[in-house]
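Quick note, in the working numbering, the sequence shown goes up one by one and the last residue is 51. Reading through the structure tokens given below for one structure.
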Amino acid sequence: QNIDHANLLMWVAHNLERMADRVSNICERTIFVTTGELVEIESKKKEIKL
């Protein structure tokens with residue numbers, strides 16, 4: 002049961018990260034469309050050490 006729960010949490014974390022990456026891409030494209038400037042949004046990824 003603990004393994005199933007941990008697996009679910011890993012899946013959720015993975016999908017949240019994918020969603021955040023896509024939101025960043027949308028923001029970059031929106032900035033480009035409105036200003037004509039290419040901007041790369043850098044995320045500050047923090048490693049979680051267990």
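Quick reminder that beta carbons are idealized off the backbone N, C-alpha and C, glycines included.
A direct Cα-Cα distance of roughly 18 Å separates Thr36 from Glu43.
Note that the C-beta distance between Val40 and Ile32 is below 8 Å. C-alpha of Ala7 to C-alpha of Val13: approximately 10 Å in a straight line.
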